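Report on the structure given below.
There are 2 protein chains.
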Amino acid sequence: MTISTMAPFEAQAMTPELEQELSLIDAWWRAANYLAVGMIYLRDNPLLAQPLRHEHVKARLLGHWGSSPGQAFLWAHANRVIRRHDLDMIYLSGPGHGAPGVLGPTYLDGSYSEVYPDKSQDAEGMRRFLKQFSFPGHIGSHCTPETPGSIHEGGELGYVLSHACGAVFDNPDLIALACVGDGEAETGPLATSWHINKFLNPISDGAVLPVLHLNGYKIANPTLLARIPHEELASLMRGYGWEPIFVEGHEPMAMHRAMAAAMDRAIGRILQIRAEARASGEAVRPAWPMIVLRSPKGWTGPASLHGKKLEGFWRSHQVPLAAPNTDPEELQLLEEWLRSYRPEELFDANGTLQPELQALSPQGLRRMGSNPHANGGLLRHKLRFPPLEDYAVPVVSPGTTQVENTYPLGELLRDIIRLNPDSMRVFGPDETASNRLQAIYEFSKKVWMEEFLPEDLNGSELARNGRVVEMLSEHTLVGMMEGYLLTGRNGFFHTYEAFAHVIASMFNQHAKWLESCLLHAPWRAPIGPWNCLISSTVWRQDHNGFTHQDPGFIDLAGNKSGDVVRVYLPADANCLLAVAEEALVETNVCNIIVSDKQKHLQYFNLEQARRHVAKGISIVGWASNDDCGTQPDNPDVVMACAGDIPTKETLAAVEILHREIPSLRIRVINVVKLFALTEPNEHPHGLSDRDFDTLFTTDRPVIFNFHGYPWLIHRLTYRRTNHANIHVRGYKEKGNINTPLELAMNNQIDRFNLVIDVVDRVPFLRSRAAHVKERMQDTILAHRAYAHAHGTDAPEVTNWRWTPPAAAD
Amino acid sequence: MTISTMAPFEAQAMTPELEQELSLIDAWWRAANYLAVGMIYLRDNPLLAQPLRHEHVKARLLGHWGSSPGQAFLWAHANRVIRRHDLDMIYLSGPGHGAPGVLGPTYLDGSYSEVYPDKSQDAEGMRRFLKQFSFPGHIGSHCTPETPGSIHEGGELGYVLSHACGAVFDNPDLIALACVGDGEAETGPLATSWHINKFLNPISDGAVLPVLHLNGYKIANPTLLARIPHEELASLMRGYGWEPIFVEGHEPMAMHRAMAAAMDRAIGRILQIRAEARASGEAVRPAWPMIVLRSPKGWTGPASLHGKKLEGFWRSHQVPLAAPNTDPEELQLLEEWLRSYRPEELFDANGTLQPELQALSPQGLRRMGSNPHANGGLLRHKLRFPPLEDYAVPVVSPGTTQVENTYPLGELLRDIIRLNPDSMRVFGPDETASNRLQAIYEFSKKVWMEEFLPEDLNGSELARNGRVVEMLSEHTLVGMMEGYLLTGRNGFFHTYEAFAHVIASMFNQHAKWLESCLLHAPWRAPIGPWNCLISSTVWRQDHNGFTHQDPGFIDLAGNKSGDVVRVYLPADANCLLAVAEEALVETNVCNIIVSDKQKHLQYFNLEQARRHVAKGISIVGWASNDDCGTQPDNPDVVMACAGDIPTKETLAAVEILHREIPSLRIRVINVVKLFALTEPNEHPHGLSDRDFDTLFTTDRPVIFNFHGYPWLIHRLTYRRTNHANIHVRGYKEKGNINTPLELAMNNQIDRFNLVIDVVDRVPFLRSRAAHVKERMQDTILAHRAYAHAHGTDAPEVTNWRWTPPAAAD
C-alpha cells in the first residue's frame, strides 16, 4: 500500500446547512476585516456609532492591510475544520506585516481579552484594541511576541515552514497551519524549507499544512510565484514533494466554498496519512497536501483612489488610503470601506460579537489564539540531565593528555536524548560526525524519510525516527530548532564557526524575541535555551584556509541584551561538559559555545572545571608562580587566555618563560564566560570592578590571548582600571593554507610571539631578556621553514605537553 | 511562436569519428583524474616513473576527491562544445571543495602554467603543481582566487547560480556553465536562485547552463535531491522553469556518449533560444535547459577498503585512502588507483600531455582557464560618473531645509546607469522605491521576464531590459552583483539595515576574496567596488519596532582587513553624494554606506560636503563656538557625531547648550568615514594620533553620538590619548513601537539626554547647570507623554531647525 495512490478524502457535501455555515463564516470574516481596517486607522469611534470624523483617525497611519484579509480568511476556515474534527492546530503567519489579519481573529475568539483584560470584548475594549496597534508604546504590525497564539514573528522573512516543522516534531496530534507569503517565498530560507517533508514522520510527528498565499505583490513588485504559469507552480510544489490544492478567485462566497472544500480535502488527507501510517506502523514519506490561496492583495479594500488601482495591486500593501485624517474625500471612502463590512450586524450595541459568530470559534485551548503549543513554555519539557561524572575526562596532570574536546559532549548529548527521548533534538548541517559528536548515534540516528539504499546500513546512520536532524541548510535547521523550542522542547545546534554568520540574522531575531518576551509579554512562560555550538573553529581551519577562518559571530552576540545572551569559551573537554551542565538548563537565553572538535590538551578535572565555569574566570594556579591573588602583592605579568587553542599557546609560552626567566612572576588567568570581562550592570556574568582588579591587577601588563578578533576584548574591558595595560592577541585575518602553528604565528597568538610580547611589555625585561626575544624570533622563522618543507608542524610543537615549573626557592 | 514548443536541437550523430573523439575525451578525463588524485596524495614522483614509496606521499593528506572526477568530466565535455561552436564559456564550481576537478583541467589546457610559470607542463612543473595543493603556504582545496578561470570560490555554499547569473548579465555571448553541488542545492540561497531565469533576457544577456551534480552524498549523508524519485526531481526543475536533461550512470564510455548528447542538446537549445529571440526582437522567458548529472561520488576511485564502500558513498568525500604514507597496503592501493588512469599513455616521458589530448582543449582565450571574463578586471568597465553639481541639494543656511537623503542619490544612480547602460545595475530586495531611489525609474525600470498585466503599466515600473534587479532574496541579489562585479562591471546593492545581516556571510567571503587577490593572486586585475547602501536605518524603524532595529552590520566590517573595507556615515544628502563620488570609483573594496531614506535636515553644500568627505572627519565650524582648532586653546567639551540622525540630535543639543549656557565653549565634530577614528596602520582612512588629538583634544570630555552600537566607537578609539574621556551614545537595544524621538530617548541619543551628558561630564557645570539638567529630565518625560497621547512627536521637535548661536562677545 502506498499512500499516494489512495483516493482523496471527501469534502463535506454542499448542503443548505453548509451554505448557511459559510454565510456565517463570511460574517465572521467581515468582522475580522473590520477590525483589521480599524487597527490601521481608528483611535476612537470603534463601532462607528457616530459618523466618522477626522479626529477618530490616528495621526500617524502605520500598518499593513495587504495580506490581512487573506490571513483572516484562512483563520476563519481553520476554525471550521478545528471544530469539525476537534483538531489541535496552531497558526503561523509568514507574510511580514500581516498582524491585523491575526490579531483580529484572536480578539474575536476571546483569546486576546483573556491575555489583555483591558482589551475586553466590548466597545471600550475594542477602542483600546484598535488604538494600540502600531501606536507608540504599544504593539507592532507584525506578529510580535505580544500576539497570543503566535510563535512566529516574521520580522525577518523566510522561516515560517521551518518554524512550523519544528513545532510539529514529536507532537503527533498537532497541525501547524503555515501561511507562506508569496514575497517570503522568494527568500532562500523559505525556498529550501519546502523540503521539511523529508524530515516529518507521519507516525511520531504532527503535520504542517502550508498555504502559499499568492496575493500577487510585495511592497512594490509582483511576486515571482504569482506570475509563473499555473502548471509551473503546480509542478514546483509537486517537485518539492507536496500535493497542491488550488483556491483561486475573489468573490467571497465562491471563495468560501472553494476554501471549505480545500480545507476538508487537506485535513482529510492529513488524518488519513496519519491513520494509515500509525495503523501500519510503517513510516513512509507521503505527498502531504498544501494549499495555494490566490486572492487579491488588500482583498475587500477600496478598489481605487484617484484612478490608481488599490485592491489587487501593490498599493494595498500598507495603508491604501493615506490621508483620511485630513482629507474629507478619503475620510468618506474610509467610512464607506468600514461600513461595507456591516459592523452593526456583527457586533451588538455594546461591541460584543454576535453569539452565532462567537460560536464559529473553537472552545478553550482549541482556539488558535489560546493553543498552549503557541506559548510553549507552558508545556515545557524540563531537560532531564545525567550526572556529568559519567562523561568526564580523567585529568591526572594538567596539560599532558589529549582528547577531542567535543567527543565527550557527544556522549553526553547521546544520554540527554536517551533521557528526553521525545523532547530533545540535535541539529547540524551535515557535520555531527565531523564535529565529533558521533557518539550520539550509539543511541539515536539521523532522521531520514527518503529512500534507503543497502549501503546505508554500513555507515549512513539514518533512521525514520532519528533525533539528529541534518540538512545542508543552517537556516532550515535553526528554524526547526526555534519551532521546537518555542513549543516547549529542547534543541542543540552545532555548526562550523565561519558559517555561523549564515544564521546571524536568525540569532539577532531570536535574541530580540526573547528580550521582547521579558519586557512586553511576561505571560509567555520561559522556554528552553537556543544553543549553538561553534566548532571547527578558526585555529583549526589552517587546512581549509582563509574562507573558513572567521571567529566574528561572537561579536554579534555582544550587541544583544545581556539578559538573553551567553558566550562560553571552554578550555577543554571537562570545561565544555560543565558549560553544558550550566547552559543547557537555563531558560530564555541564547547560548553560544565555542569549542574546537580536534584533539586538545586537557587541563581541568571535572570538579575543577565545574568550579571554573561557575566563576566564569579563574587564576590557573598550577601554571602561575605568583601569589595567585592571595597576597596584596602583584605578579610581574598576567597571562590571560580564552579559548582552547589560545589557552594551550599561552601555557606553552608560560612554560618557556618559567624556564628562561624563572624569576619572572607570572599569573595565568583563563576565561570561560566571555561576558565575565564586562561589568555586572551590562551582563549577569560580569565581574565587579573589585574582582576584576584583583584578578588582572591595576597596573601590571596583561597579555591576553583570545580566540576571536582581538578588539572584542577591548570593547568589553575598556572601562576597567587596568585597561591601558591589556595587550590582546587574536585572529586578525592573517591566514591561508597553513599548519596550525603557522596560522597561530601569522596572527601572533603562538607561544613564541607571546613570549616576545612579555619581554616587550614587562619593563625590566626589555634589556635583561633581549636574548630570549631574539631566540624566539629565530624559532618562529625555523618553524615556518619546517612547515613549508614538511607540510606539518615540527613534532616538538605537535607533541608539546605541559611541564610544571620548578618549585620556587 | 513560443520557444518552448519547438523541436529540440539535434545531437551530433554517433559516428565512428565521434566515438573516436569520445575515446580521446576519456583519455583527457583520465589525465585530469590522475592529476586530482596526485594533488591530494603526491609530493614527489609525479609521473610514477618509480614505484610509489611512502616518502612520495604527503605527510598530511588534505583535499576532496568526491566531486572532482564529476567536475573534470563536465569540463572535458564543455571543451568539446566550446570547440564545436566556438563558444565563449566560463565554468563555476559550486561544490565546496572540488578544486582538484578544476585545477587539473586548467593545468591540462595550459592556462595554469601561463599564470604560474613554475608549474610548467613538464615533470618538474607537475611535481610542484601536485605538491602545492592543500600544502602550507600554498593553495586550498576549493577554487580560491588563485585558481585561473574561476570567479566562484565556494567557501560558503549556495551562490553558484546567482554568481553565474551576474556574470552573464549584459554579456550576450557568454555561457556560464554552473556546476551545482547536490549538497549546495540544499542551502536556501541556492534553492531560490534557480529563479534567476526570471531575470535573464535572451536578447541582451548570456545564458546560464546549470548542471545539478547528483553525486549522492555530502560529508556524511545522502543528499536530499539524490534520493527523491526521478519524476519528483524533474517536476522540481520544471517548476523552477528549467527543462532538465538527465545524464545518469557510471560506465565511462556510456556516460561520455550521454553527456555529449546532453551538451549538444543543451547548447543547441541555448543557441536556438538566442537566435530566435534576437531575430524576433521579442524577449520572452524560455524554458532554458539544465543538465542533471548523476554519477558516483568519488567516481573511478577505489571501490572499497577493508569491506567499507568508498566509490559511490560518502566515504569518498575527502581522502578515500587515509594512510598510504604509512600503511603498505594502502600505498599499494593508491599506486594501483593512480596507475588505473594509465598515465604513461597520457603524458610523455617529460611529463607533457600528449598532443592529441592537448588538441581537445580550446585555444587561447576560449580556454575556460583563460577566459578573460573570469579575470573580469581585465575587461573592467570603468564607471563613467556625471558631475555631482547636477544633483546637489542647495543649502543656504545649515540645518534649515529638509530633503530625503537618498533621493538625490537615486537621481545620481539614474544618470550613472544612463552613462553606463551596459555595465551598471542596481540591486535591491523590493525596496528601491521604499529606499527613495525611485528617480532611477525615470531612465530605467526593473527587469522582469515574467508575465505583464495591464495594471503594470500604471505603477509597476517593470521592463524586459530594466537595469534594476529586485527580488525578495538578498542572497540572490548580492550573488548576482558579485558575479557582475567579478566579470568587470559595476553594481550597487541597497537594503534595510537590520536585514543586512542576512548577507553577513556573503560580505565576509567577498572581503576575503578581495584580500586574497591582493595577497595571493596579483595577476587578477582590480574589479569594481562591492557597494551596499544600508538604508531604512535603526533610528527610523520606530514604527516597525524592535525586530527592525539592528545597526550591527558595520561591526562585522571592522573585522575585515582595512585594505578592502570602507564604512561611510554621511550626515546629509550632499555628503551622501560626495561619498558616492569617492566610493563608487574605487576598486577592490567593499563600501558600506549608511544613510536613512527619510526627510532630514541638510547641513553641507556640495563643496563643503566634498571637503568633509575627503577628510573623513571635520570640525563643524558654524555649530562650534570654540576656536575650532586654530588656537592651542581647547573647548570645554567636544560634541562628536556620526550618522544623519545622531548629527541632528547633537546639533539640537548644541543649540540648547548655546542658549542655556552661552559661555560653554563647544566644538562640534562630524565623522563621515568611520575608520578615520582608528590608526592609519589599521586603515587607510585612519587619522594620525596628532590629527586625532588636535580634533578631539587630549583631555576634554567628548560626547560622541553614534549611529550604531556605542562600543564600536570604543573599539576604534581605545588607543587614542583622550579615550578615557570619550563618552559614547548609540543604539543599545532599547526600542519597540515608538515615535522617532521616543526611540532616540530610549537609547539616550536624543538632544535632551546629550545636554544632560554634557552637564554631567564638564566638571564646572555639575553644580552651575543643575537646573538645566533638571529641565531636560522634565522635558524628556513631557515628550514621552506627548508621544503616547498623540501617536506622534511634538511639533517643536518634528519641526526643529538649527538656529545659529548668538555671536560671541
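Sequence lines, in order, name chains S and F. Residue numbering for the first sequence follows the numbering used here, beginning at 1 and increasing consecutively. Residue numbering for the second sequence follows the numbering used here, beginning at 1001 and increasing consecutively. C-beta atoms are modelled at their ideal positions from N, C-alpha and C, and glycine is treated no differently. These figures come from a predicted structure and were not determined experimentally.
Considering only residues of the stretch 54 to 102 of chain S, which uninterrupted beta strand (DSSP E) runs meet the minimum length of 3 residues and lie entirely inside it, listed in chain order? 88 to 93
Can you confirm whether R238/S, when its beta carbon is compared against all beta carbons of chain F, has any partner nearer than 8 Å? Taking Cβ atoms only, chain F reaches closer than 8 Å to R238/S, which makes this a yes.
Is the shortest distance between the beta-carbon of Q1598/F and the beta-carbons of chain S less than 8 Å? no
Assign N79/S to buried or exposed, taking buried as 16 or more other Cβ atoms, counted over all protein chains shown, within 10 Å of its Cβ. buried
Using a Cβ cut-off of 8 Å, pull out every chain S residue sitting near N1508/F, in sequence order please. Near N1508/F (Cβ distances below 8 Å), the residues of chain S are A498, H501, D550, G552.
Going by alpha carbons, who is nearest to N816/S out of A27/S, R784/S, P551/S, N465/S? This structure cannot settle anything about residue 816/S, because the visible part of chain S is limited to 1 through 809.
List the DSSP bridge partners of I1139/F. F1133/F
When you compare each of V1502/F, S1023/F, T1779/F to A1260/F by their alpha carbons, which one comes out closest? In this structure, S1023/F is the residue among V1502/F, S1023/F, T1779/F with its C-alpha nearest to the C-alpha of A1260/F.
So L1062/F and H543/S are in contact, right, with Cβ under 8 Å, and what is the actual spacing, rounded? 5 Å
Just to confirm the assignment, what range does the alpha helix (DSSP H) spanning A1261/F have? 1252 to 1280
Buried or exposed for K1560/F, going by 16 or more other Cβ atoms inside 10 Å? Burial state of K1560/F is buried, judged by a 10 Å Cβ sphere holding 16 or more other Cβ atoms.
What are the boundary residues of the alpha helix (DSSP H) that L1047/F is part of? Premise fails: L1047/F is in no alpha helix (DSSP H) and is neither H nor E.
Closer than 7 Å by beta-carbon distance: list the chain S residues that pair up with E1431/F, in chain order. I219
Spell out the partners DSSP gives N1490/F in its beta bridges. DSSP output for N1490/F lists M1424/F as bridge partner(s).
Taking any Cβ of chain S, which residues in the stretch 1706 to 1723 of chain F have a Cβ under 7 Å from it, in chain order? Answer in chain order: Y1709, W1711, H1714, R1715, Y1718.
Counted within 10 angstroms of its Cβ, other Cβ atoms place M1/S as buried (16 or more) or exposed: With a pLDDT of only 31 at M1/S, under 50, the local geometry of the prediction cannot be trusted, and the value read off the model is given with reservation. So M1/S ends up on the exposed side.
Report all residues from its chain with a CB closer than 6 Å to the CB of L305/S; omit the five preceding and five following residues, and keep chain order. none
When you compare only the Cα positions, how much space is there between G616/S and R566/S? 11 Å
Measure the Cβ-Cβ separation of L1200/F and V1211/F and say whether it is below 8 Å. no
Give a yes or no on whether 8 Å exceeds the smallest Cβ distance from D1555/F to chain S. With 8 Å as the cut-off, D1555/F counts as an interface residue toward chain S.
Given a threshold of 16 other Cβ atoms within 10 Å of its Cβ, counted over all protein chains shown, does V1396/F qualify as buried or as exposed? When all chains shown are included, V1396/F counts as exposed.
Nearest neighbour of G281/S, chosen from L584/S, R464/S, P252/S, L360/S [CA to CA]: R464/S
Distance check for L293/S and P244/S, CA to CA, integer angstroms please. 10 Å
Which two residues bound the contiguous beta strand (DSSP E) that contains L1293/F? 1288 to 1294
Residue-chain proximity (H64/S, chain F), Cβ-Cβ < 8 Å: So, not an interface residue.
Would a check of beta-carbon distances place E186/S closer than 8 Å to chain F? yes
Between R953/F and A1032/F, what straight-line distance do the alpha-carbon atoms span, to the nearest angstrom? Examination of residue 953/F is not possible in this model, given that chain F is present from 1001 through 1809 alone.
Give the single residue among P1551/F, R1030/F, R1719/F whose Cα lies nearest to the Cα of E1679/F. R1719/F
Measuring CB atoms only, is the stretch 1402 to 1415 of chain F touching the stretch 188 to 202 of chain S, in the sense that at least three cross pairs come out at less than 8 Å? no
If I follow the unbroken beta strand (DSSP E) through N531/S, where does it start and stop? 530 to 535
Would you identify the three-state DSSP class for C1628/F, choosing helix, strand or coil? coil
Within 8 Å, strictly: CB atoms of S68/S and A36/S: A contact, by the Cβ cut-off of 8 Å.
Cross-chain neighbours of T792/S in chain F, by beta carbon under 7 Å: Within chain F, the residues near T792/S are A1059, R1060.
Please state whether DSSP places P1222/F in a helix, a strand or coil. strand
Quick check on DSSP: helix, strand or coil for S1516/F? Of the three classes helix, strand and coil, the one that applies to S1516/F here is helix, per DSSP.
Proximal chain F residues relative to K673/S, where beta-carbon distance stays under 9 Å: Correct list: empty, because the minimum Cβ distance to chain F is about 18 Å.
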